[in-house]
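Reminder that position 120 of the sequence shown reads as 120 in full-length UniProt numbering, one-by-one numbering, no gaps. Have a look at the structure below before the remarks.
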Amino acid sequence: MRQQWFDEARFGMFVHFGLYSGAARHEWVQNYEFLTDEDYLPYFENFDPDLFDARALARRAKETGMGYVVLTTKHHDGFALWGTAVSDFNAVEACGRDLVREYVDALRAEGLRVGLYHSLIDWHHPDFTVDWNHPRRADEDVAALNEGRDMARYREFLHAQVRELLTDYGQIDYLFFDFTYPESMDGLAGKGPEDWDAVALLAMCRELQPEMLVNDRLGIPGDFVTPEQYQPTAPLMVDGVPQVWEACQTMNGSWGYHRDNTEQKPATLLVQMLADSVSMDGNMLLNIGPDGRGAIAPRDERTLSDIGEWMRLHRGAIVGAGHAAFEPPREGVYTRRGHKLYLHLLSWPLGFVHLPGLAGDVTYARLLNDGSWLRTSAADPGQKAVNMTPAGEAEGTLTVHLPVARPDV
Ligand code: FHN
Numbered sequence: 001m002r003q004q005w006f007d008e009a010r011f012g013m014f015v016h017f018g019l020y021s022g023a024a025r026h027e028w029v030q031n032y033e034f035l036t037d038e039d040y041l042p043y044f045e046n047f048d049p050d051l052f053d054a055r056a057l058a059r060r061a062k063e064t065g066m067g068y069v070v071l072t073t074k075h076h077d078g079f080a081l082w083g084t085a086v087s088d089f090n091a092v093e094a095c096g097r098d099l100v101r102e103y104v105d106a107l108r109a110e111g112l113r114v115g116l117y118h119s120l121i122d123w124h125h126p127d128f129t130v131d132w133n134h135p136r137r138a139d140e141d142v143a144a145l146n147e148g149r150d151m152a153r154y155r156e157f158l159h160a161q162v163r164e165l166l167t168d169y170g171q172i173d174y175l176f177f178d179f180t181y182p183e184s185m186d187g188l189a190g191k192g193p194e195d196w197d198a199v200a201l202l203a204m205c206r207e208l209q210p211e212m213l214v215n216d217r218l219g220i221p222g223d224f225v226t227p228e229q230y231q232p233t234a235p236l237m238v239d240g241v242p243q244v245w246e247a248c249q250t251m252n253g254s255w256g257y258h259r260d261n262t263e264q265k266p267a268t269l270l271v272q273m274l275a276d277s278v279s280m281d282g283n284m285l286l287n288i289g290p291d292g293r294g295a296i297a298p299r300d301e302r303t304l305s306d307i308g309e310w311m312r313l314h315r316g317a318i319v320g321a322g323h324a325a326f327e328p329p330r331e332g333v334y335t336r337r338g339h340k341l342y343l344h345l346l347s348w349p350l351g352f353v354h355l356p357g358l359a360g361d362v363t364y365a366r367l368l369n370d371g372s373w374l375r376t377s378a379a380d381p382g383q384k385a386v387n388m389t390p391a392g393e394a395e396g397t398l399t400v401h402l403p404v405a406r407p408d409v
């Protein structure tokens, strides 16, 4: 299934928020540090998202040029951000707030599409069998641990929680299941689609939310493919059929808030990834990890603000745009919206930019000192044709989009 809103939006916000945010050192902290439920309990007991402001988050996404948001309703640690009836390990029990309700209401108030992320994995649930990526994987006797654990009961729990989310919160536009994993390199069991009863789970999604897009991580085909932390090198095809796809990216390598991770990707790089995705008919889902109190980290605010300023100028080259069947110059990528062609220079040009494959007189363009462009003909590269302003949008001609930050010259 395709949805025009998704194909047009091109740009969404991913939000990883949960108990791990308070640990401030990665959403897999329970796994990386082999934390037992008892070790992890203080994060539940002290969970107080007093700065979680769903409306402000929705506004920030909108100002950044994003058309949808995807919130972790529950990550692998099993902590639910809504008042699920099938587990006490949830936000209503911890702090009296149904954060999913606050979130969906805020997005709708801002006219954004509603996306939910839901973990298939649940390290907290007593029936979820210990496997190669479980925090208890290194315990002496995994077999003894798994005695009595019943994945059939876990599947009932998993389906019950998904049913709650798709029944109690109005129209849901997008669901990101996460994730199915085969056995490990050293032969330890993983979990496949049969462990989730993926076919029945997907059928339930279709029944409850017929217009909702579902991703590909149930381990069976979904509505879109989800390359993670990398850029495809060409439009994604399967058996010659173009795939709807969405690349998901972190700001700094960690999905959940990581206080000491300062490897912030610059806005210029993230804008390049966005333009690159759209040039290949893809979307980009850019992640933020609010801190333990639910606040957006200042470094993420700054990056989102820079991207938002670029999108304010160049929205038309992204939203509703897609692949252009012209050979791009070595310095950039093209996107196309209708009869408008957009050149995204992913680095400041050294001089002339050769634009191969374009009909007519636009085969060379050169950035002049005042930031305007000299459009010249192939016949006489030196001939001054027409100046182009990078942000200008003239019908039927090339519009050049420049990187976010111009190097200090
Ligand atoms: O294990 C998760 C990870 O924490 C994060 O949620 C990403 C987001 O796509 N998904 C899984 C890793 O692929």
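The C-beta atom is built at its ideal place from N, Cα and C for all residues, glycine as well. All values derive from a computational prediction rather than experimental measurement.
Quick one: does the C-beta of residue i sit closer than 8 Å to a heavy atom of the ligand FHN?
{"i": "T303", "result": "no"}
{"i": "W28", "result": "yes"}
{"i": "T180", "result": "no"}
{"i": "Y174", "result": "no"}
{"i": "C248", "result": "yes"}
{"i": "E33", "result": "no"}
{"i": "F79", "result": "no"}
{"i": "F14", "result": "yes"}
{"i": "N261", "result": "no"}
{"i": "E164", "result": "no"}
{"i": "G256", "result": "yes"}
{"i": "N287", "result": "yes"}
{"i": "T335", "result": "no"}
{"i": "T72", "result": "yes"}
{"i": "Y117", "result": "yes"}
{"i": "E211", "result": "no"}
{"i": "H134", "result": "no"}
{"i": "T129", "result": "no"}
{"i": "H75", "result": "yes"}
{"i": "T226", "result": "yes"}
Return the CA-CA distance between residue i and residue j, expressed in angstroms with no decimal places.
{"i": "T268", "j": "I307", "result": "8 Å"}
{"i": "Q243", "j": "E38", "result": "44 Å"}
{"i": "G294", "j": "F326", "result": "44 Å"}
{"i": "M212", "j": "V353", "result": "43 Å"}
{"i": "H339", "j": "L236", "result": "23 Å"}
{"i": "L270", "j": "R149", "result": "43 Å"}
{"i": "V86", "j": "T73", "result": "14 Å"}
{"i": "F52", "j": "G240", "result": "44 Å"}
{"i": "L175", "j": "G187", "result": "30 Å"}
{"i": "E395", "j": "L166", "result": "Because E395 carries a pLDDT of 38, less than 50, the predicted location of this residue cannot be relied on, and the following value inherits that uncertainty. Each residue's alpha carbon lies about 43 Å from the other."}
{"i": "V319", "j": "M311", "result": "9 Å"}
{"i": "W5", "j": "G222", "result": "17 Å"}
{"i": "D77", "j": "L341", "result": "46 Å"}
{"i": "G219", "j": "A198", "result": "7 Å"}
{"i": "A324", "j": "T180", "result": "34 Å"}
{"i": "L274", "j": "K191", "result": "32 Å"}
{"i": "P290", "j": "A297", "result": "6 Å"}
{"i": "residue 413", "j": "R25", "result": "This structure does not reach residue 413, given that the chain is present from 1 up to 409, and the question cannot be answered."}
{"i": "R59", "j": "D300", "result": "14 Å"}
{"i": "G155", "j": "D195", "result": "According to the sequence provided, residue 155 is Arg. The question's Gly does not apply to it. For R155 and D195, the distance between alpha carbons rounds to 7 Å."}
{"i": "W245", "j": "P182", "result": "22 Å"}
{"i": "L345", "j": "P266", "result": "16 Å"}
{"i": "A143", "j": "H125", "result": "17 Å"}
{"i": "residue 413", "j": "D88", "result": "Any question about residue 413 goes unanswered here, given that the chain covers just 1 to 409."}
{"i": "G332", "j": "S279", "result": "10 Å"}
{"i": "V238", "j": "E228", "result": "17 Å"}
{"i": "W123", "j": "R153", "result": "14 Å"}
{"i": "Y68", "j": "D141", "result": "44 Å"}
{"i": "A385", "j": "Q264", "result": "With a pLDDT of only 40 at A385, under the threshold of 50, the placement of this residue in the model should not be trusted; the figure read from the coordinates follows. Rounded to whole angstroms, A385 to Q264 spans 41 Å at the Cα level."}
{"i": "I121", "j": "L71", "result": "16 Å"}
How many whole angstroms separate the CB atoms of residue i and residue j, which I take to be in contact at a CB cut-off of 8 Å?
{"i": "V261", "j": "R10", "result": "Checking the sequence shown, residue 261 turns out to be Asn, not Val. Not a contact, Cβ separation roughly 27 Å."}
{"i": "L285", "j": "G83", "result": "In fact, because the Cβ distance is near 26 Å, the residues do not count as touching under 8 Å."}
{"i": "S119", "j": "D178", "result": "5 Å"}
{"i": "Y169", "j": "V92", "result": "Not a contact, Cβ separation roughly 14 Å."}
{"i": "A247", "j": "Q231", "result": "6 Å"}
{"i": "G18", "j": "N46", "result": "So it is not a contact: roughly 13 Å between Cβ atoms."}
{"i": "H159", "j": "L201", "result": "6 Å"}
Which full runs of the alpha helix (DSSP H) of 4+ residues lie inside the stretch 178 to 210, going along the chain?
193 to 196 and 198 to 208
Secondary structure, alpha helix (DSSP H): runs of 4+ residues fully inside the stretch 280 to 364:
Runs found: 298 to 314.
Entirely within the stretch 226 to 263 and at least 3 residues each: give me those beta strand (DSSP E) ranges in chain order.
245 to 249
Report the residue ranges of all alpha helix (DSSP H) runs contained in full by the stretch 108 to 147; include only those spanning at least 4 residues, in chain order.
Whole alpha helix (DSSP H) segments, 4+ residues: 142 to 146.
Note down, one range per segment and in chain order, each beta strand (DSSP E) of at least 3 residues found wholly within the stretch 3 to 31.
11 to 15
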